[in-house]
Each structure stands twice: as structure tokens, then as C-alpha cells.
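Each residue of the sequence shown is one higher than the last, beginning at 152 in the working numbering.
Every residue gets a Cβ at the ideal spot worked out from N, C-alpha and C, and that includes glycine.
Predicted model, so just to flag it, every value in this text is computed and none were measured.
So the structure is just underneath, and the comments pick up after that.
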Amino acid sequence: MTGTAPPVVVRDPGELRARTAAARRRDEVVGIVPTMGALHAGHIELVRVARAHAGLVVVSDFVNPTQFGPGEDFERYPRDLDADVALCAEAGADVVFAPAVEALYPEGAATTVRVGGSLTSELCARQRPGHFDGVATVVAKLLCQVGPSLAVFGRKDYQQLKVVERLVLDLGLDVRVLGVPTVREPDGLAMSSRNAYLSREERRRALGLARGLAAAHRLVRSAGSPPTAGAVRAAARAPVDESFDSVDYVEVCDPDSLVLLADDDPVPARTLVVGAGRLGKTRLIDNTVLGEDSPPAVDQ
Ligand code: AMP
């Protein structure tokens, strides 16, 4: 397939399997971009990356109930399949897979895929118990249905990316997982479907997270010797404390194991700085890897 025709919308997993099997018979690379819809330029960058590497590009568009906790925004999560399909057409996707909940979770569904260990002990796992079980379970289901050799995820959800990489390794799946750098608004805010919830005033304050990450980069660049993790955490946290209604966490960790660094540890050359905070009812996350990512371009 060339990606020039509008994508086909597929709701039935059987039809999806037939299409991906046909592509594999043609020796095409099958690529998947898992999403929950409400697509924006960040998602579209993932589709473009998939398009560059795959003969058949499948975008899944599924608001996965099992990764939402009680009281979270499952019901009000933005849904607009027509707009998503139009964006996927622009980015050259071949198939938009938009199953009903029952198609992925048949009646009586009783199987959960769980990635354990340090990847799911801290950060978002603490505030959102069961969230990564829901993510791992739906990603495993999607990989089974689609049978891709490429799966594209955003570094915006860095912990999720690490969980998926571990899942693929542990299940011995022949899937290359690509992590795409976070796409930001011109003022530095990480693009997110949840940005749509923000009032104008909250949108302005939302920049605190990107400001904190930029401050962490500045501290490392300006210090003669590596600063301590405690100093980096304090620098990253201050703008979030100032502008968010509440801070879930701002942490400094090993970017592979996600183990938190102790306050006195000097930060290694590659270090993850990651945070989550709330503005009203909206929870936003952001991260950067010092020594790897460019700092968010944000005014201080
Ligand atoms: P979601 O629809 O929020 O579940 O996200 C689907 C995929 O898009 C995940 O792999 C996200 O990490 C990725 N994504 C979301 N926002 C961005 C962004 N601003 N830049 C890059 N990737 C993103």
C-alpha cells in the first residue's frame, strides 16, 4: 500500500487480521501506532515515522477502559473518530483500527498482562494503581491482533514506552519498538489530548512542567561538575509548584530502570527528569532525558 488513499476504518479484529496477514504475505513491514484517539500533531508524527518504515501502517484508535482508574476521565475522554481519520489520511496511514470495547475485551475477559519490577513501582504507577497493567494488557492484545514487526510510541509517555519495551522483550515478540521524541507546541507545552480540557488560564500555567524540565537542563549545563539529583529535582520542581494546583511528583531517575536517584547522587550523563501535576481536574505529564533530549524551548 502506498498511503496515498484515505485510510480504511476497521472495527472487526478478524478483518484487521486478514488485512495485516495479506500485507505480510506481500513481505511488507506492518507497523502499528497505538493511540486513544483525539489525535494531534504528536500522534501524527508517530504515524509519519511508521509510514517511513512500514508498508502497511495501522493506527489503533481505542480508549482503553482498563488503563483508567475509578474517578479518572474515561467517560469524558475526547472522542472524534472522523477528525482522527482525516488526520491519519494526511499522515498516510492505511488502516484506522477502532474496535468496540467488547471486541478487545470479550464478555468474561479475565486475562491481565502485568509488567512488574522497577518500571512499574514509581512515578505514574504510584498515583495510578493498575494503570500500567491496563496499558500492557491492551498493547499485548493489539500486538496479537495486528502482528506488526514495528510499533511506534511517543517518549511523551516515557514510562509507558519502557513498559512496552520490557513487555516485547519478555514475551519474545519479534517487534521493533521505536520511541519518538515529544512533539511540543511552539511555546514548549508537550502536546496532549488532555490539553483540550484546559481553560485559557490553566493552559498558561501548564507551561510550568516544561519550564521545570528546561531548568534541569540549564542547571546541568551551567554547573562545572554534575549537580546532585536533589538539586536537579528541586530546580525542576520549583516552576511546577509555582504554577500547578498540585504536584503528583517530580523525580530524577535512571532512564532505563526508572529507579529513583538518591538526593546526594551526582546525576549521570543520561538522566530522566519526569513530572506529573494537576490543573483543576486535568492531570498532565512531561519528561526529558538530560544528555539525550533537547531542552523544551520555553520562555522562563
Ligand atoms: P495516547 O493517545 O495519549 O494514548 O497516545 C498515543 C501515543 O502517542 C503514545 O505512544 C504517546 O506517547 C504518543 N504521544 C502522545 N502525545 C505525544 C507528543 N506530544 N509527542 C509525541 N508522542 C506523543
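Item: For E443, count the other beta carbons within 10 Å of its own beta carbon; 16 or more makes it buried, fewer makes it exposed. Which is it?; Value: exposed
Item: If we ignore side chains and look at the alpha-carbon of each, how far apart do S343 and G193 end up?; Value: 8 Å
Item: What's the C-alpha gap between T263 and V314?; Value: 14 Å
Item: When you compare the CB positions of E273 and E352, do they come within less than 8 Å of one another, or not?; Value: no
Item: Could you pull out every residue in the same chain whose Cβ sits closer than 7 Å to the Cβ of Y309, ignoring the five residues on either side in sequence?; Value: L423, V425, N438
Item: Since L360 and R327 should fall inside the 8 Å C-beta cutoff, what is the C-beta to C-beta distance between them, to a whole number of angstroms?; Value: Actually they do not touch by this definition, with Cβ atoms about 30 Å apart.
Item: Leaving out five residues on either side along the sequence, give the residues of the same chain with a beta carbon under 6 Å from the beta carbon of Q278.; Value: D399
Item: So, is L320 buried or exposed, given that buried needs 16 or more other C-beta atoms within 10 angstroms?; Value: exposed
Item: Quick one: is C239 buried, meaning 16 or more other Cβ sit within 10 Å of its Cβ, or exposed?; Value: buried
Item: Between the alpha carbons of E166 and P221, how many angstroms are there, rounded?; Value: 33 Å
Item: Round the Cβ separation of R162 and A251 to the nearest angstrom and send it over; I've been treating them as touching at under 8 Å.; Value: 7 Å
Item: Quick one: measure Cβ to Cβ for V159 and V246, integer angstroms, because I've assumed they're closer than 8 Å.; Value: 5 Å
Item: Within 10 angstroms of its Cβ, does P157 collect 16 or more other Cβ (buried), or is it exposed?; Value: exposed
Item: Which word fits R372, buried or exposed, when buried means at least 16 other C-beta atoms lie within 10 angstroms of its C-beta?; Value: exposed
Item: Can you tell me the Cα-Cα spacing of F213 and E223, whole angstroms?; Value: 16 Å
Item: Is any heavy atom of the ligand AMP found at a distance shorter than 7 Å from the C-beta of D231?; Value: no
Item: Among S408, R421, C404, which one has its Cα closest to the Cα of D414?; Value: C404
Item: Using the three-state DSSP reduction, which class does G371 fall into: helix, strand or coil?; Value: For the sequence presented, residue 371 should be read as Val rather than Gly. V371: helix per DSSP, three-state reduction.
Item: Measuring straight from C-alpha to C-alpha, what distance separates G268 and L412?; Value: 16 Å
Item: Of all the options D235, G323, A189, A201, which has the alpha carbon lying nearest to the alpha carbon of L329?; Value: A201
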